[in-house]
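Q:
Numbering (UniProt numbering), first residue to last: 1 to 286.
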């Protein structure tokens with residue numbers, strides 16, 4: 001049986017090789033090419049490896065590359081810091097036997113974290129390792145809609161990005177960039193346990209029903225920590241542009257807190273407070 005980490009490593013190497021062009025690494029493209037990226041033999045040459053050895057890595061076979069080989073591959077593939085860490089994580093895990101039993105118990109949010117959420121004056125949520133929405137505060141409910149209206153197993157940021165019924169008329173102008181961030185976080189999670197049933201279920205479902213997901217997932221982008229800016233289009237108050245950052249919580253791997261903030265004293269901050277007031281008024285009227 002193919003080692004799950006070796007298979008994931010091979011897929012990652014193939015995707016990273018496919019995004020490079022000969023001129024990106026100082027090679028002449030030559031005549032007609034049957035592949036869009038570098039050929040295996042070109043990548044192997046750049047990394048100082050035999051083509052056969054590199055091909056066995058891409059095929060997910062147990063070749064157990066040394067750290068020096070991984071360094072050479074990272075340089076040849078022009079990997080960034082997150083991608084290099086991902087490469088080493090997969091390769092190191094592929095050297096170890098597959099464990100007989102892995103703890104796949106439910107993720108829990110500590111009471112202290114829930115209290116912190118309640119007193120925060122800005123939207124914040126807690127995401128599990130596979131982007132399940134584990135907890136949120138009233139400000140987040142005002143911004144994102146009521147997560148409690150959906151079944152718990154559907155409360156997943158990746159599933160929600162491909163199903164906008166939660167947010168109704170609200171939409172994300174920069175949908176693909178944000179989706180790639182979440183997919184990159186899921187890739188990092190998969191690197192810690194490729195056979196986790198929750199990851200298998202989410203990726204499997206989206207792969208079956210969304211050609212767009214299949215295209216983005218096949219890029220093998222990875223994100224260790226994520227931050228950015230997102231514009232929410234909310235009918236009651238208009239567009240609200242917020243910065244968002246993720247903060248790791250205790251655990252290995254542990255959940256993360258995702259926090260949205262507005263520039264102080266800005267129109268976006270005013271719209272966010274108006275939205276929170278409208279939400280509080282509706283909540284009192286229930």
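Quick reminder that beta carbons are idealized off the backbone N, C-alpha and C, glycines included.
Which residues in the same chain as residue 186 place their Cβ atom closer than 8 Å to its Cβ, once the five residues preceding and following it in sequence are excluded?
A: Once the five neighbours on either side are set aside, the close Cβ partners of residue 186 are 130, 131, 158, 199, 202 and 203.
Q: Going by DSSP, name the residue or residues bridged to residue 213.
A: According to DSSP, which records beta bridges pairwise, residue 213 is partnered with nothing at all.
Q: For a test of the three-state rule: what should DSSP assign to residue 232, helix, strand or coil?
A: Strand.
Q: According to DSSP, is residue 87 helix, strand or coil?
A: Reduced to three states, the DSSP call for residue 87 is helix.
Q: According to DSSP, what are the bridge partners of residue 257?
A: Answer is 126 and 247.
Q: To which residues of the same chain is residue 276 closer than 7 Å at the C-beta, ignoring the five residues directly before and after it?
A: Here the set comprises 139 and 142.
Q: Should residue 5 and residue 74 be called a contact, given that it needs their Cβ atoms to be closer than 7 Å?
A: No. Outside cutoff.
Q: Is residue 277 helix, strand or coil by DSSP?
A: Helix, per DSSP.
Q: Just tell me which of 207, 175, 214 and 120 has its CA closest to the CA of residue 232.
A: The residue with the shortest Cα to Cα distance from residue 232 is 175.
Q: At what residues does the beta strand (DSSP E) containing residue 135 begin and finish?
A: Segment 133 to 136, the beta strand (DSSP E) holding residue 135.
Q: Look at the Cβ atom of residue 222, then the Cβ atom of residue 82, and state whether they are nearer than 7 Å.
A: In contact: residue 222 and residue 82 (Cβ atoms closer than 7 Å).
Q: Who are the Cβ neighbours of residue 47 in its own chain at under 6 Å, not counting the five residues just before and after it?
A: Within the same chain, residue 47 has close Cβ partners 72, 73 and 76.
Q: Sort 213, 134, 122 and 67 by Cα distance to residue 111 and report the nearest one.
A: It is 134.
Q: Give me, in chain order, the residues of the same chain whose beta-carbon lies closer than 7 Å to that of residue 219; leave out the 5 immediate sequence neighbours on both sides.
A: Closer than 7 Å at the Cβ level, and outside the excluded window around residue 219, lie 15.
Q: Give the straight-line distance between the Cα atoms of residue 243 and residue 63, rounded to the nearest whole angstrom.
A: One C-alpha to the other measures close to 43 Å.
Q: Specify the secondary structure class of residue 227 as computed by DSSP and reduced to three states.
A: The answer is strand: DSSP assigns residue 227 an E or B state.
Q: Kindly indicate which three-state DSSP category residue 180 falls into: helix, strand or coil?
A: It is helical.
Q: Less than 7 Å between C-beta atoms, sequence neighbours within five positions excluded: which residues of the same chain meet that for residue 36?
A: The answer, listed in chain order, is 18.
Q: Express the C-alpha separation of residue 235 and residue 169 in angstroms, rounding to a whole number.
A: Note that residue 169 scores 42 on pLDDT, short of 50, meaning its location in the model is unreliable; the coordinates nonetheless yield the value given after this. Their Cα atoms are separated by approximately 8 Å.
Q: Can you list, in chain order, the residues of its chain with a C-beta nearer than 8 Å to that of residue 216? Leave out the 5 residues immediately preceding and following it.
A: The answer, listed in chain order, is 176, 179, 180 and 183.
Q: Suppose you measure from the CA of residue 263 to the CA of residue 224; what does that come to, to the nearest Å?
A: Taking the straight line from one Cα to the other gives about 25 Å.
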